[in-house]
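Converting from the sequence shown to the working numbering requires adding 186 to each position, the first position being numbered 1. A virtual CB, placed ideally from N, CA and C, is assigned to each residue, including glycine.
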Amino acid sequence: MLTKKQHELLLFIHKRLSEDGVSPSFDEMKDALQLASKSGVHRLVSALEERGFIRRLAHRARALEVLKLPDSSAPRSGVNAENVIEPAFGERRSAASSDAGVEVPVLGRIAAGVPISAIQHETDRLMVPHAMISGGEHFALEVHGDSMIEAGILDGDVVVIKRTDTADNGQIVVALVRDEEATLKTLRKKGGSIALEAANPAYETRIFGPGEVKVQGKLVGLIRQYH
């Protein structure tokens, strides 16, 4: 899964390589995406590289190679289409529902600490008990970090998320921060501000202004594997 900005940058790089045979400079990328600084471009390029969409060629300036493009070249219509580019997903009930449970996509890792790069594309599929599924679309994420330990969510756990763009105060949500980073936190709303609250005193509550945080889903279940 790519954020809107990651998707826009990937298509911009692909277009320039196709037209000119040379990848754009970081200044050109910054201007094309209307970013405030080149540090934002560095984060987006690194995220695309980590996800296997592009590769930096060694010992060559401005050398980027596009390895693949997303399955969809446009944002998904409907809920949160302006925020995240994603593959088609859901429970696939006709093909993947059984007495054992419902198969849902695993979309990579989610930070339970400081935010990491936004939700990834589908990496696996997981059988989830029917009791965790209440209608609608669901997906799973592997937890990375310890900021939600007092809510019983540990590093390495797999959380089951119901896709939604709304949530009540006190619910644990997947939040997309500034269209670039995703994190798992408790949602607190006050006026136009949104707080993302950790369940570990070692982490500070982070406060964001209007439009900076978008809910991508809410926690409905947790799966823990013991070794």
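Which residues in the same chain as residue 340 place their Cβ atom closer than 6 Å to its Cβ, once the five residues preceding and following it in sequence are excluded? The same chain holds no residue with a CB closer than 6 Å to that of residue 340 once the five nearest residues on each side in sequence are set aside.
Look up residue 298 in the DSSP assignment and give the residues it is bridged to. Its beta-bridge partners do not exist; DSSP assigns none.
Exposed unless 16 or more other CB atoms sit within 10 angstroms - verdict on residue 402: Counting other Cβ atoms within 10 Å of its Cβ, residue 402 reaches 16 or more and is therefore classed as buried.
Here's a check: name, in chain order, each residue in its chain whose Cβ is nearer than 8 Å to the Cβ of residue 243, leaving out the five neighbours to either side. Hits under 8 Å: 249, 250, 251.
Helix, strand or coil, according to DSSP, for residue 192 in the structure here? When DSSP states are grouped into helix, strand and coil, residue 192 belongs to the helix group.
For the region 193-234, list the alpha helix (DSSP H) runs that are entirely contained and at least 4 residues long, ordered along the chain. Qualifying alpha helix (DSSP H) stretches, in chain order: 212-219.
Label residue 258 either buried or exposed according to how many other C-beta atoms from any shown protein chain fall within 10 Å of its C-beta, with 16 as the threshold for buried. With a pLDDT of only 48 at residue 258, under the threshold of 50, the placement of this residue in the model should not be trusted, and no figure is reported.
Go through its chain and collect everything with a Cβ distance to residue 350's Cβ below 7 Å, but skip five positions before and after it. Around residue 350: 401, 403, 404.
Using a threshold of 8 Å, state whether the C-beta atoms of residue 298 and residue 362 are closer than that. Against a cut-off of 8 Å, the Cβ pair of residue 362 and residue 298 comes out as no contact.
From 331, 316, 395, residue whose alpha carbon lies closest to that of residue 324: Looking at 331, 316, 395, the one whose alpha-carbon comes closest to that of residue 324 is 316.
Residue 240 vs residue 221 beta-carbon contact at 8 Å: For residue 240 and residue 221, no; Cβs fall outside 8 Å.
Using three-state DSSP, classify residue 240 as helix, strand or coil. If DSSP states are grouped into helix, strand and coil, residue 240 belongs with the strands.
Given this structure, state the Cα-to-Cα distance separating residue 206 from residue 378, to the nearest angstrom. Rounded to the nearest angstrom, the two C-alpha atoms are 45 Å apart.
Under 8 Å, do residue 345 and residue 380 count as touching if we go by C-beta distance? For residue 345 and residue 380, no; Cβs fall outside 8 Å.
Check the DSSP bridge columns for residue 310 and list the partner residues they point to. Per the DSSP secondary-structure output, residue 310 pairs in a beta bridge with 292.
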